[in-house]
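Reviewing the structure listed below.
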Amino acid sequence: MRWASSHFNPLSILRILFSTAAHHRCLRGGYTLFSVEVALNSGLTHEDLERILREAGVDYRLLEFEGHTMTVEAAERQLGVDRGRIIKSMLYVDDQGRPLLAIVTGDRLVDEVKLAEVCGVERVRRARPKAVRSLTGYEVGALPPLGHRRPIRTIIDSRVMRLEKVYGGGGAINRLLEISPSDIKRLTGAEVADISRPMEGG
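Read left to right, the sequence shown gives residues 879 to 1080 (my numbering).
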């Protein structure tokens, strides 16, 4: 494991806007978010994520590994920590086509019924990989909990907020982000709710 490089490719981002200037309103109420404006055909990388975090002034670590960290199981092996400290950032789409980001711990599943109820819609479904890249700028398996291509309504499971630090996607398939859940909530304007259920047999 080693620290990720802090080099920044200026071609990958046109402009970074933070939440004090970006307010977006959803059907059920207002919430504050920050966004990253990028060239339409450009994906985002761990370097973009690191620049966003530095400019936000948050305490974080972006960790690089020899092997991939695309799944909770792989991240658990690489980190040597309990999967309850690892988070999954999962993109959903509601029945009106609006994206939703659900964040839960690695030892639990997103309860889609609860998520839909919290969001005030009848149903939600997992976004396809192509939609994940288009909406967030990142590939499935590398999706961080913040720093996306566009503002996305984010719901954090209440169990995540009990943790001091968590590990989530780091913008590349061999990187993980260590960050405080409170910083995720603050930077994304996330809502906190019970949106998870135990693993089957758990």
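Backbone N, C-alpha and C define an ideal beta-carbon position, used for all residues, glycine too. Bear in mind the structure is a predicted one, so any value in this text is a computation, not a measurement.
{"Asked": "Considering residue 1000, what are the terminal residues of the beta strand (DSSP E) in which it resides?", "Found": "Note, residue 1000: premise wrong, no beta strand (DSSP E); not H, not E."}
{"Asked": "Are the stretch 930 to 948 and the stretch 1019 to 1036 touching, with three or more C-beta to C-beta distances below 8 Å?", "Found": "yes"}
{"Asked": "Flag this pair as yes or no: are the beta carbons of residue 988 and residue 980 separated by less than 8 Å?", "Found": "yes"}
{"Asked": "Counting along the chain, where does the beta strand (DSSP E) carrying residue 1071 start and finish?", "Found": "1069 to 1071"}
{"Asked": "Where does residue 954 land, buried or exposed, given buried means 16+ other C-beta within 10 angstroms?", "Found": "buried"}
{"Asked": "Give the straight-line distance between the Cα atoms of residue 1041 and residue 1061, rounded to the nearest whole angstrom.", "Found": "12 Å"}
{"Asked": "Can you tell me which of 960, 972, 1010, 1033 puts its alpha carbon nearest to the alpha carbon of residue 1074?", "Found": "1033"}
{"Asked": "So does the stretch 963 to 981 actually touch the stretch 1001 to 1010, counting three or more Cβ pairs closer than 8 Å?", "Found": "yes"}
{"Asked": "How is residue 1074 classed by DSSP in three states: helix, strand or coil?", "Found": "strand"}
{"Asked": "Alpha carbon to alpha carbon, what distance is there between residue 1046 and residue 962?", "Found": "11 Å"}
{"Asked": "What does residue 1045 pair with, by DSSP beta-bridge criteria?", "Found": "964, 1056"}
{"Asked": "With DSSP as the reference, identify every bridge partner of residue 970, one or two as the case may be.", "Found": "978, 1004"}
{"Asked": "Just the Cα atoms here: how many angstroms apart are residue 933 and residue 924?", "Found": "14 Å"}
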